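Its first residue numbered 1, the sequence shown is counted upward by one per residue in this note's numbering.
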Amino acid sequence: MATVTRLFDSHTEALNAVNELEASGVAHDRISIVSNNADNWHSSSDHSTKGPLGDANGDGENDVADGAGKGATTGGLLGGGAGILAGLGMLAIPGLGPVVAAGWLASTAVGAAAGAAIGGATGGLLGALKEAGHSDEEANVYSEGVRRGGTLVSVRADDGEEDRLERILDGKSGFDATTRGEAYRASGWSQFDDTAEPYTTDQIARERATYR
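So, in structure tokens, the structure goes:
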């Protein structure tokens, strides 16, 4: 099964893309989202649910957009049903700092990080993206994108479905690894470093402004 992944500069755009995927008939267990949370756009009090990453014992309030200043109506974005966004939870991934994530890619990233600690394999999000079928170059760009404040949406695609899924994600302002990788390399970047310090809120704000 192929994997289609896109990087979003805004978590709001990514959430909209996920909703569009589910509305088009993509089962939520085929979708994953991994989002930088350095600006605290999401907290454990945002909604009450148990996701694949553990408990988010909240009070049912959906105010996650306030922290990012996007002005989005998160109640509409997150919904309250059984979709993938109902399982959002917080965790830390090496080199990224705090992230909000749900789905199979996040679970794989956690397992890859544990495996790397034991056996020296490629861990974290980088390892999970490679395991999902992405090239080394793609995995490095997408991991770096999350480090710089972005949000990844990944979808497991059935045969012949890749083009349709790409059109949905591209139509919601998603970027592929080739496009964003060229921009990163133009500034001297070469590869993702999971030992580097996570980006600060100010650094992320500047990064987002660069591509706005």
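Built from N, CA and C at the ideal position, the CB exists for glycine as well. Small disclaimer: the values here were computed from a predicted structure and weren't measured.
Taking Cβ positions, are residue i and residue j nearer each other than 8 Å?
i, j, result
"D9", "Y211", "yes"
"E137", "A177", "yes"
"V34", "A101", "yes"
"N16", "G150", "no"
"L152", "A139", "no"
"G83", "E22", "yes"
"E20", "I168", "yes"
Tell me the rounded alpha-carbon separation between residue i and residue j.
i, j, result
"T179", "S190", "14 Å"
"M1", "A92", "27 Å"
"V110", "G127", "10 Å"
"G95", "A196", "6 Å"
"H28", "V155", "9 Å"
"L7", "A14", "8 Å"
"G25", "M90", "26 Å"
"G171", "A183", "20 Å"
"E131", "G124", "11 Å"
"V4", "R147", "20 Å"
"T200", "T108", "26 Å"
"G174", "E144", "15 Å"
"T12", "G103", "18 Å"
"D194", "G97", "10 Å"
"G181", "D159", "27 Å"
"G188", "L165", "31 Å"
"G133", "P198", "25 Å"
"D202", "D163", "36 Å"
At which residues does the alpha helix (DSSP H) containing residue i begin and terminate?
i, result
"N16", "11 to 23"
"V155", "Unbroken run through V155 is the beta strand (DSSP E), 151 to 157; no alpha helix (DSSP H)."
"I213", "No information on residue 213 is available, as it lies outside the stretch 1 to 212 that the chain covers here."
"L126", "124 to 131"
"G174", "Segment: none, G174 is in no alpha helix (DSSP H) and carries neither H nor E."
"R147", "136 to 147"
Going by CA-CA distance only, name the one from the options that's closest to residue i.
i, options, result
"A186", "N16, D158, V141, G174", "V141"
"A86", "S32, G97, N36, E162", "S32"
"A157", "G97, E20, R30, E22", "R30"
"W41", "L88, I84, L21, G83", "L88"
"S43", "P198, A209, V99, S135", "V99"
Which of the three DSSP states is assigned to residue i in this structure?
i, result
"T3", "strand"
"A27", "coil"
"N37", "coil"
"L91", "strand"
"Y107", "It should be pointed out that residue 107 corresponds to Ser in this sequence rather than to Tyr. DSSP places S107 in helix when its eight states are reduced to three."
"A196", "coil"
"G97", "strand"
"S43", "coil"
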